Amino acid sequence: MDKNALTVLQTDIQAQMNRIDKIFAKLEERAIGLTPDEPVIMESVAYQIHNLYNAVEDLLKIVAAHFENQITEGIRPRLLSESSYLNLNNMRGFRHFFRHAYGGNIDYDQWAMNLDKARLLRPSLTQDVENFLKQVAEIE
Numbered sequence: 416m417d418k419n420a421l422t423v424l425q426t427d428i429q430a431q432m433n434r435i436d437k438i439f440a441k442l443e444e445r446a447i448g449l450t451p452d453e454p455v456i457m458e459s460v461a462y463q464i465h466n467l468y469n470a471v472e473d474l475l476k477i478v479a480a481h482f483e484n485q486i487t488e489g490i491r492p493r494l495l496s497e498s499s500y501l502n503l504n505n506m507r508g509f510r511h512f513f514r515h516a517y518g519g520n521i522d523y524d525q526w527a528m529n530l531d532k533a534r535l536l537r538p539s540l541t542q543d544v545e546n547f548l549k550q551v552a553e554i555e
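Per this note's numbering, the sequence shown runs over residues 416 to 555.
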């Protein structure tokens with residue numbers, strides 16, 4: 416990979432990961448001690464889960480745009496591990512519900528499950544990005 420292109424990709428990915436880290440921090444801050452009896456705070460956390468999914472989706476768009484959507488072996492390595500993919504896929508369903516609920520109530524169990532998925536995503540996504548950038552740096 417061209418050194419300048421690699422630098423741009425690394426910079427764009429790191430900037431997006433910084434945004435994602437800020438969302439993770441808000442998510443954790445707002446979820447402390449939360450119970451089903453606090454619907455306003457629960458909605459705030461749900462909004463951050465929604466934001467997290469969108470921010471990771473934007474990360475994927477950055478990578479796709481950089482590689483012009485090519486996923487051919489030797490051109491672009493896999494970004495997401497199976498674990499990250501599965502957690503994101505669950506969060507995608509929650510994001511869809513949250514985005515289109517229009518005043519519907521958020522089920523505490525669904526909310527809690529997706530909060531757990533978001534928490535599991537953090538270390539796996541960080542590791543995925545590190546692995547991806549190492550592999551990309553080795554592409555000639």
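Here a beta-carbon is modelled for each residue, glycine too, at the ideal position from N, C-alpha and C. The structure presented is a predicted model; accordingly, all values stated were derived computationally and were not measured.
Checklist line | Close Cβ partners of E472 (< 7 Å) along its chain, the five nearest in sequence each way excluded | finding: Within the sequence shown, residue 472 is the residue found at index 57, counting from 1. Result list for E472: empty, nothing under 7 Å.
Checklist line | Endpoints, the alpha helix (DSSP H) within which P492 is located | finding: In the sequence shown, counting from the first residue as 1, residue 492 sits at position 77. No alpha helix (DSSP H) contains P492, which DSSP labels as neither H nor E.
Margin query: On the CB-based measure, 16 or more other CB atoms within 10 Å of its CB, does R493 come out buried or exposed?
Written below: In the sequence shown, residue 493 corresponds to position 78, counting from 1. When all chains shown are included, R493 counts as exposed.
Checklist line | Assumed close pair Q425, L442 - CB separation to whole angstroms, cut-off 8 Å | finding: For the purposes of this step, residue 425 is taken as the residue at position 10 of the sequence shown. For the purposes of this step, residue 442 is taken as the residue at position 27 of the sequence shown. At roughly 25 Å, the Cβ-Cβ gap does not stay under 8 Å, so Q425 and L442 are not in contact.
Next item on the list: Could you please give the first and the last residue of the uninterrupted alpha helix (DSSP H) stretch that includes F547?
Entry: Your numbering for residue 547 matches position 132 in the sequence shown. First-last of the alpha helix (DSSP H) with F547: 523 to 553.
Notebook entry, point to check: Can you give the Cα-Cα distance for T422 and L548, rounded to whole angstroms?
Noted result: Within the sequence shown, residue 422 is the residue found at index 7, counting from 1. Within the sequence shown, residue 548 is the residue found at index 133, counting from 1. Roughly 10 Å separates the two Cα atoms.
Notebook entry, point to check: Out of curiosity, what's the CA-to-CA distance linking S539 and A461?
Noted result: For the purposes of this step, residue 539 is taken as residue 124 along the sequence shown, with counting starting at 1. For the purposes of this step, residue 461 is taken as residue 46 along the sequence shown, with counting starting at 1. Their backbone Cα atoms lie some 21 Å apart in a straight line.
Next item on the list: Tell me whether the beta-carbon of A446 lies closer than 8 Å to the beta-carbon of L530.
Entry: Within the sequence shown, the letter at position 31 stands for residue 446. Within the sequence shown, the letter at position 115 stands for residue 530. For A446 and L530, yes; Cβs fall inside 8 Å.
Check: Using a Cβ-Cβ cut-off of 6 Å (strictly less than) and excluding sequence neighbours within five positions of I554, which residues of its own chain qualify?
Finding: Within the sequence shown, the letter at position 139 stands for residue 554. Only M416 meet the Cβ criterion.
Next item on the list: Could you check what DSSP says for F509 in three-state terms: helix, strand or coil?
Entry: Taking the sequence shown and counting its residues from 1, the one referred to as residue 509 is at position 94. F509: helix per DSSP, three-state reduction.
Notebook entry, point to check: With DSSP run on the structure shown, which of helix, strand or coil describes F482?
Noted result: Taking the first residue of the sequence shown as position 1, residue 482 is located at position 67. Correct three-state label for F482: coil.
Check: So, helix, strand or coil for I447, using DSSP?
Finding: Counting from one through the sequence shown, the residue named residue 447 turns up at place 32. Three-state DSSP puts I447 in coil, outside helix and strand.
Next item on the list: Grab me the residues of Y468's own chain with a C-beta within less than 8 Å of its C-beta, minus the 5 sequence neighbours each way, in chain order.
Entry: Here residue 468 refers to the residue found at position 53 when the sequence shown is read from its first residue. Within the same chain, Y468 has close Cβ partners L503, M506, R507, F509, R510.
Checklist line | CA-to-CA distance, I438 to A430, given in whole angstroms | finding: Taking the first residue of the sequence shown as position 1, residue 430 is located at position 15. Taking the first residue of the sequence shown as position 1, residue 438 is located at position 23. Roughly 13 Å between the two C-alpha positions.
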